[in-house]
Every structure is written in structure tokens, then in C-alpha cells.
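Participant: Handing you a structure now.
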Amino acid sequence: MDSKELIARRVALELRDRTLVNLGIGLPTLVARYVPQGISVAFQSENGIIGFGAPPPTGMEDPHLTDAGGGFISALPGAASFDSGVSFALIRGGHLDMTVLGGLQVDVAGHLANWMVPGKLVPGMGGAMDLVVGAKRVIVAMQHAAKGQAKIVASLSLPATSTRRVSLIVTELAVIEPTEEGLLLRERAPGVSVDEIIAQTGAKLLIIGDVPEMPIVVAERDVA
Amino acid sequence: MDSKELIARRVALELRDRTLVNLGIGLPTLVARYVPQGISVAFQSENGIIGFGAPPPTGMEDPHLTDAGGGFISALPGAASFDSGVSFALIRGGHLDMTVLGGLQVDVAGHLANWMVPGKLVPGMGGAMDLVVGAKRVIVAMQHAAKGQAKIVASLSLPATSTRRVSLIVTELAVIEPTEEGLLLRERAPGVSVDEIIAQTGAKLLIIGDVPEMPIVVAERDVA
Amino acid sequence: MQRAISAAEAAALIPDGASVMFGGFMGVGSPDRVFDAIVARGARGLTIIGNDTAFPGVGVGKLIDAGCVAAAKVSHIGTNPVTQKKMIAGEIAVELIPQGTLAERIRAGGSGLGGVLTPTGVGTVVEKGKRLIEVDGRDYLLELPLLADFALLRAHEADYNCNLTYRLTATNFNPLMAFAGACVIAEPDEIVPVGVIPPDGVRTPGILVHHLIERPR
Amino acid sequence: MQRAISAAEAAALIPDGASVMFGGFMGVGSPDRVFDAIVARGARGLTIIGNDTAFPGVGVGKLIDAGCVAAAKVSHIGTNPVTQKKMIAGEIAVELIPQGTLAERIRAGGSGLGGVLTPTGVGTVVEKGKRLIEVDGRDYLLELPLLADFALLRAHEADYNCNLTYRLTATNFNPLMAFAGACVIAEPDEIVPVGVIPPDGVRTPGILVHHLIERPR
């Protein structure tokens, strides 16, 4: 299992029944493959649909039906489409139960940076700032470190996406919950020690008692 | 011809081809009967439709299709229905070419009062304040005086609907245009003298040269 | 998916003193069966938020008649003399709101905005107690969001996912209020299987709706 | 009713230096034939307003490639390296706007609001130069309306009255922009007789549309 898959399988355990969830482009999109049994989730794509499904059979792609990255998707029975005003009314208005986003950095206060690297990469915030402000829960799904650089840091060196504290950070090494007191190490990946996590983390971690191994979703479903 | 019909037939001459027009409840509604030949007007009802028509045949009334007064209407081919947010986006956003409203008072500055008589009658402003602020042209269609009291006054004694100067006042006696300089008497009703108009008006009227008789729409059409 | 509930069950969810948004324009597009059930329950002290108070005995007018209402935030009460009488008697506190402003305040509440700037009402009694904000040399009123404990909608069709459609001028405030109630209850004319309403036909995504009232029998 | 115009006629209406809103999300739901005609005309100095700059050679990306664009107000340029290169070279001035804020600013412009208060961007670089307004103890950014000389829409169906429908995620910003262009030009996939689109199926009332592009042949 590669690290992205591990992260996606762990994040999937955060899904709750009868909720509306937005998955960011890239790694977060994988989460849809691992929705736990007995859990019914509606996925929103911010370009204007609730209830999208896996890519259609070859030759049946509809150029009017894509995800926020421009990739072809299908619509499940009972889907609803709408314009960008409605889409962000859902997001900013508190109607979205959870969003899963990629991250460039998260600091000790739980603040996320994920939309630009000044002078290097300026993709733009797209819907990320609205998602972080508006979703009831914000899960950051990212590699623990990049090119030897810690991504969980004492303070952001990149422009923040929001001043809101995110709900949870899931990496291939650990599950970390930003709290009022700091970054609480909740779980470690199978076979990963607490010391290894500390070594790859650029901010102080709160460690209370034994840190359990992270559970993950084992079964793969063909939902989206 | 009664005075309401006269007013409606005169106001109808203000209609322009290929425009969107809102008619207030009561007297203004009559204007739809006298759309001049060759003029195509789309009527909006602020409860959410463009392109409504005359009441349907008996027994064919649809309880989901009424005008802003709750009366049954029909929809013309090519009509569009929408919610109240869209309806007032049209009104306030400058997409409405003209509104025709009733009036309780208009003052020398062209300010309209038409939504309450303190201590007596408090119907509420409904959509009137948005209509006066947002429509490109605001036509007040009203009786010249009520119960011996002038309705065109030096200053409003009733709460204003807006601080915007209305475009035109049409009564059964006269057509008056509020201007920067004051109330300009543009036309007099057939057989009515300028002196009679002055006698029934509570504000100074600007009179420049001869005041012509008002033209009216003669033909009646079965449009709405 | 969950079962549809009866109008009486819906009325039982709404406690005395609750704030209640309701769809409808002169009674058209109103949740009439839920209104009847609220009257039957004998609710008291409700704050109602909607376009108007319809007519005596019609739509939300039934709640006015039955003494369920303590306060009304509406754009118009001119067609309901009972509302006027109770307002003058001090039994109902009426806040009159321009119709377009009412729509925007509900939309702001439901979409997470802190308010909107509107030119409507500037220089009139409506501006009382509100902040005036100048933008590019023009004055606007800062109008604040409206939310409610309940939003009672009248829909045309609902599917098992609670996706809703509306019909012609019965649409009015319903789609806006679907975003602004902490508990959203929709009363449809018809309930159809999932898939009968195509995605582009949905006017209110079902995810916003908490309870569906069973189909009239 | 008036005749439909060609994409070339539409492009000829749009002068160099104009501000142009365009529908589309990563090129999906974009007025592609009008874009091609604008490139063919050799337009220069346009300010484009839309969600993103798509990909090189796709959607509005064609205008970027061809050097038609002097400024872009968008939420995202990450999928178009040409935009990034021209931004760094100082050839295109890019204003990045959060996607929900972009939608609200366009809606505010089209619906006569003086602005909206949003929590999005507070405490980030987005708040630079903007007014912070506190409501009930929470800070919001005052975001101002956006309007444009032209709004270029991609629709699915249009009728002879210019009533429009959209399809699935090709809807995106199109219905909002229909209110915000001084001249609104819609490029439909199909043109149908009046009455084929029922009133409840209309997503953009035809009264907002100034020109319809003829059907692809």
C-alpha cells in the first residue's frame, strides 16, 4: 500500500452517515474509494454537483459533467446540479459536513497553507479559502514531509489559507489533531514509532499516554 | 371612460418595444390592456415570473400561478419563472426597464410615498421600495387628488418610499414630470384646463408655453 | 433514506416560541398542511418570517387567526386585516422589511455571509438603527442575515433523497429558505423515486432538507 | 425577436480593452466558438473575469495563448502554465479571488447590491486593501460588486426569446454572469422554438440576453 492510499483509507474512517462531503483535487479524491460499509455519503464537487460518481464507461464521457479538476465523472441517481453561487452558499453557509484538502503546511495553531508558494508556484486559492472557512470539519490529507522538509511547522512560512484551526491532519505517518493546547498526536501509522514521527515534524507534538496505531478502511468500494 | 382607464391608456404610451415592465397591483395592472400596436413588452410579476398573461379560462386556474396580488394569471409561451431572490436581482440590479406604481403622495422633489399612512393603514412596502430604487423608469399612476386632498404636495406628510425622484406622474388630470427644477406640467387631460390642474395640485407646477392635451392609446388588446 | 413524517409529527417538532420561516406569497406556495397541524397543536409565541401574512383563513393567515404568532418579519400585511388588528392591539410585533431585502437577508443567512449592502430603504424609515456604508460615493444600508429555527417549505415534487422542485410562482421564497433553517421541513405535492427528477431539474438539493411531509392522500 | 448572430459578429462587438466575463470551469461550460472568433479577430488588452484560465489551448486558455488578455480576475491559474509565465513576465495582471467570493461579487454586481460581507479571506493576504466590518463580534471582508462590459455565456438550450438552460457542471458561473454584463452574449448548443423550454426549466430569463450565437452547424 503506498502512502497516498494509506492516507485515503484512514481519512475514510472520518466519513459519517448521511453527510455532505467535499474532496479536494488530488490525494483527497482517493478517499471516495474507501467509504466504509453502511455509510452513505453525498459528495459535492464545488463546480456544481452533489452526488457524482466514478468516471463513466469509455465513450460515454459527457463534456458537460466533470469534477473540479476537469476530469470526467458520472452522476448517481438522485444527484443535483447547480450554479457556482449555490455551490458556495452550500460551502460557506455551513451545509457541508466535511472537506478533505491537501496541504503545503500546517502550523502549531492548526492553520493551513495550501494555495501558493511565493515566487515559485501561484496556482490560486480556487475554492480552498471558502472550504476551510465554511465546512463543519476540515481534514488535511497530505504527505508528512516533502523533499526532506517538514510540512507540519512551528509557524507558516507560506501564505495562510485561513485563520481557522483545521480539525484533523492525516499523513502517512500519523493522525494529528490541532487543539487549543497544540498539536495532539492521536495515532501513528502501522509500524511507525512516535520518535520517527517527532523526527519528521517541525512543530512540538502533544503526546498523552500510549499512541495507538491508526485503523484504516480495508475494503474498497466502487462508489465514486 | 373612467379616470382609471384614462390613466392606464396614457401610461401605456410610455411602454417601449422589447422591454421588461413591472405593474403594481390595482390601477397599474390595467396598463397591460392597452399595450400599443407593434410594441412587445414582457411583464414581470415580482412574485416570480416574466411573461404572464390574462387570467385563464374558467376552471383552468392553477393555484401555483398567480400575480403579486394573489389573482390567477396565465403564462405566455416563452415565460420564465424564478424565486424571489432572482426576482429582486432583476428589479434592484437595473434589469427592469420600467415600473408603474400607485401613489399616496408625490412631493415637489418627485419623491413618492405609497406604502403607509401612520396610525391608519400599514400595509407594508412589499416590493415597492426595491422597485423605485431599481427600475430604470418609475411611473406613478394615481388619482390626482383623494377625498378633496391634493396628492401632489409641497412636501411629503407620509413616509417616503425612496429618496429617488420618480420619472413621471400620470393622473386623470395631467401628466407631470419631476425635474431638477421642480414639477413640470407636460400634458393636460382632454377638456381639462391648466387652472383646474393647478387648483387640485398642492405643489408649485412649472408651466412652459402651451400645455398640450394628453394622447392616449385608443385600441384595447387582449394581451394580459 | 428516512421515512416521510406526517404534518402532525412536523408540528410536534416545533416548540412554542420557535422562529419559523415559511414559503409563500399571498398564500401561494405555502406549507398548508403543516400550518393546519401547527394550529391543531395550539402552538404559541412563534416568530414567523416570510413575505406576507396572506389573508385571514389562508396560508400563514391561519396561524395569525389562531393566536400562534407573537412576531412577524414580513414585507406586507396589507391583505390581512387580522394581522393589522393584532399589531395595533400589541399582540403581534411586526417588522416590515422590503421584499428584496428580505430575500437577501435570508440568502445571506443561509449562505454564510455577514450581511449585504443594499440601496433599498436608504433615506426612509427602513434605515432606522442600521449602519450606512458608502461605496464609490453611494450610500447603502448594511442588512444583516436572517436565520430561523425552522424553515417550512412547500415543494411540488420531492424524491426519496429529498431533492425538491417548485412550480411557477409557488416557488417564491422557498428555495432561499431551504438554506436558512436549522431544521428544514418540506411539504411536497408529490413524492417520486430517486432519479425521476433529473439533476438539472432539482431546485433544492435534498441534503438541505431534514424532513419530508408524507404525500397528501 | 431578433436573429441570431455569428461568433465572428459577436467578436466584432467586443473592442480591444473591454472587460469580459466568461462562463466555464476548467474550460467546461465555456463559450468556445466566441473565444475562437475573438482570437481570430486578434483582440488585445482584454480584462477577463471568470473562475480560472483553463488549460493552454482550451477554453479561455486560447485567449491567453493568443495574447488577447491584459488582466485576469480569477480564482485559479494552476492548470495553465502559460498564464503563470505571462503573469511572471508582467504581461498579464492577475488578481486572485476566492471562488465563493468571485461568485458573490458577480452576483452583487448583477443584482444591484453595493457589496457583501464574507468571512472568506479574513486574516489572509486576500484582505489587503479591503474594509473589515464587524458584525455580531465576527470580522468580515467587504467585497465589492463586479460588473463587465460583456458577459459571454455558454448555454445548453436557448429559445427564440433567449431563455436559457444549462447542463450539469457546465452551469457554473454562467447564470450569475447573465446579470452582470452590460452586453450579454449567449452561445447555446441548441436553439429551440418558444415554448419548448417550460417556464420552470428556464435558468436565465431571456430578457437578460442581448445576443444569441447561431447554432453550430
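Residue numbers (our numbering), protein chains in the order written: chain E, 18 to 241; chain B, 18 to 241; chain L, 345 to 561; chain A, 345 to 561.
Built from N, CA and C at the ideal position, the CB exists for glycine as well.
Can you tell which of E/V134, E/T188 and E/R181 has its C-alpha closest to the C-alpha of E/I169?
Facilitator: With distances taken between Cα atoms, E/I169 lies closest to E/T188.
Participant: Taking only beta-carbon positions, decide if A/Y510 is within less than 9 Å of chain L.
Facilitator: Closer than 9 Å: yes.
Participant: For L/T462 and chain A, any beta-carbon pair shorter than 9 Å?
Facilitator: Answer yes: the Cβ-Cβ gap between L/T462 and chain A drops below 9 Å somewhere.
Participant: Taking Cβ-Cβ distances shorter than 7 Å, what residues in chain E pair up with A/P519?
Facilitator: Simply D100.
Participant: In the structure shown, what three-state DSSP assignment does B/A49 receive?
Facilitator: It is helical.
Participant: Quick one: which residues of the region 431-452 of chain L get their C-beta closer than 9 Å to a C-beta of chain B? List them in chain order.
Facilitator: Answer in chain order: M431, I432, V438, L440, I441, P442, Q443, G444, T445, L446, A447, E448, I450 and R451.
Participant: Considering L/E471, what are the terminal residues of the beta strand (DSSP E) in which it resides?
Facilitator: Run containing L/E471: none; DSSP gives neither H nor E here.
Participant: Taking the beta strand (DSSP E) that L/T462 belongs to, which residues open and close that run?
Facilitator: Taken as a continuous stretch (DSSP letters only), the beta strand (DSSP E) holding L/T462 covers G459 to T462.
Participant: Is it buried or exposed, A/G454, if we count other Cβ atoms within 10 angstroms and call 16 or more buried?
Facilitator: Per the 10 Å Cβ criterion, buried.
Participant: Would you please verify whether the beta carbon of B/P80 is less than 9 Å from any beta carbon of chain L?
Facilitator: So yes, B/P80 belongs to the interface.
Participant: Please determine, among A/A495, A/A387 and A/A522, the residue with the shortest C-alpha to C-alpha distance to A/V413.
Facilitator: Here the closest residue by C-alpha is A/A387.
Participant: Are A/D337 and A/E471 closer than 9 Å when you measure CB to CB?
Facilitator: Only positions 345 to 561 of chain A appear in the structure, and residue 337 of chain A is not among them; the question remains open.
Participant: The alpha helix (DSSP H) that contains A/G405, what's its start and end?
Facilitator: Segment G405 to D409, the alpha helix (DSSP H) holding A/G405.
Participant: Please return the same chain residues whose Cβ sits closer than 6 Å to the Cβ of A/N505, not counting the five positions on each side in sequence.
Facilitator: Within the same chain, A/N505 has close Cβ partners V538 and G550.
Participant: Is there a Cβ from chain L that is less than 9 Å from the Cβ of A/V479?
Facilitator: At least one chain L Cβ lies under 9 Å of A/V479.
Participant: Tell me B/Q61's beta-bridge partners as DSSP assigns them.
Facilitator: Answer is B/N39 and B/I67.
Participant: In terms of residue numbering, what span does the beta strand (DSSP E) encompassing A/I557 cover?
Facilitator: A/I557 -> no beta strand (DSSP E), and no H or E assigned at all.
Participant: Could you check which residue in E/E197, E/P135 and E/Q61 has the C-alpha nearest to that of E/H128?
Facilitator: Answer by Cα proximity: E/E197.
Participant: With distances taken from CA atoms, which of L/D493, L/I477, L/N518 and L/A492 is nearest L/L486?
Facilitator: The residue with the shortest Cα to Cα distance from L/L486 is L/I477.
Participant: To the nearest angstrom, report how far apart E/M143 and L/D503 are at their CA atoms.
Facilitator: Position check: residue 143 of chain E holds Gly in this sequence, whereas Met was assumed. Using only the alpha carbons, I get a separation of about 32 Å.
Participant: Of all the CB atoms in chain C, is at least one closer than 9 Å to the CB of E/A92?
Facilitator: Note that chain C does not occur in the displayed structure, where the protein chains are E, B, L and A.
Participant: Which chain E residues are close to A/I421, counting only those with a beta carbon under 9 Å from its beta carbon?
Facilitator: Within chain E, the residues near A/I421 are V139, P140 and G141.
Participant: Would you mind sorting L/G458 into buried or exposed? The rule is 16 or more other CB atoms within 10 Å of its CB.
Facilitator: By the 10 Å Cβ count, L/G458 comes out buried.
Participant: Straight-line CA distance for B/F99 to E/E22?
Facilitator: Each residue's Cα considered, the two are about 45 Å apart.
Participant: Straight-line CA distance for A/T509 to L/G525?
Facilitator: Each residue's Cα considered, the two are about 29 Å apart.
Participant: How would you list, in chain order, the residues of chain A whose beta-carbon sits under 8 Å from the beta-carbon of B/R109?
Facilitator: Result: S455, G456 and L457.
Participant: Can you tell me whether E/Q166 is buried or exposed? The criterion is at least 16 other CB atoms within 10 Å of its CB, across all chains shown.
Facilitator: By the neighbour-count rule (16 or more Cβ atoms within 10 Å), E/Q166 is not buried but exposed.
Participant: Tell me, please, whether the CB atom of A/T548 is closer than 9 Å to any CB atom in chain L?
Facilitator: No - not a single Cβ of chain L is within 9 Å of the one on A/T548.
Participant: In whole angstroms, what is the alpha-carbon distance linking L/R559 and L/I535?
Facilitator: So the two alpha carbons sit approximately 6 Å from each other.
Participant: Here's a check: name, in chain order, each residue in its chain whose Cβ is nearer than 7 Å to the Cβ of E/A171, leaving out the five neighbours to either side.
Facilitator: Once the five neighbours on either side are set aside, the close Cβ partners of E/A171 are D124, V125, G219 and A220.
Participant: Since L/L485 meets chain E, which of its residues come closer than 9 Å, beta carbon to beta carbon?
Facilitator: Within chain E, no residue comes near L/L485; the closest Cβ sits about 22 Å away, beyond 9 Å.
Participant: What separation, rounded to the nearest whole angstrom, lies between the Cα atoms of A/A447 and A/V438?
Facilitator: Rounded to whole angstroms, A/A447 to A/V438 spans 17 Å at the Cα level.
Participant: Is the shortest distance between the beta-carbon of A/P543 and the beta-carbons of chain B less than 9 Å?
Facilitator: Closer than 9 Å: yes.
Participant: Kindly indicate which residue of B/L118, B/I24, B/A92 and B/L113 has the alpha-carbon position closest to the one of B/I42.
Facilitator: When only C-alpha atoms are compared, the closest one is B/L118.
Participant: Among E/R50, E/D19 and E/G55, whose alpha-carbon lies nearest the alpha-carbon of E/R35?
Facilitator: Cα-wise, what sits closest to E/R35 is E/G55.
Participant: Going along the region 160-185 of chain B in order, which residues come within less than 8 Å of chain L, judged by CB to CB distance?
Facilitator: Per Cβ criterion, the list reads P176, A177, T178, S179 and T180.
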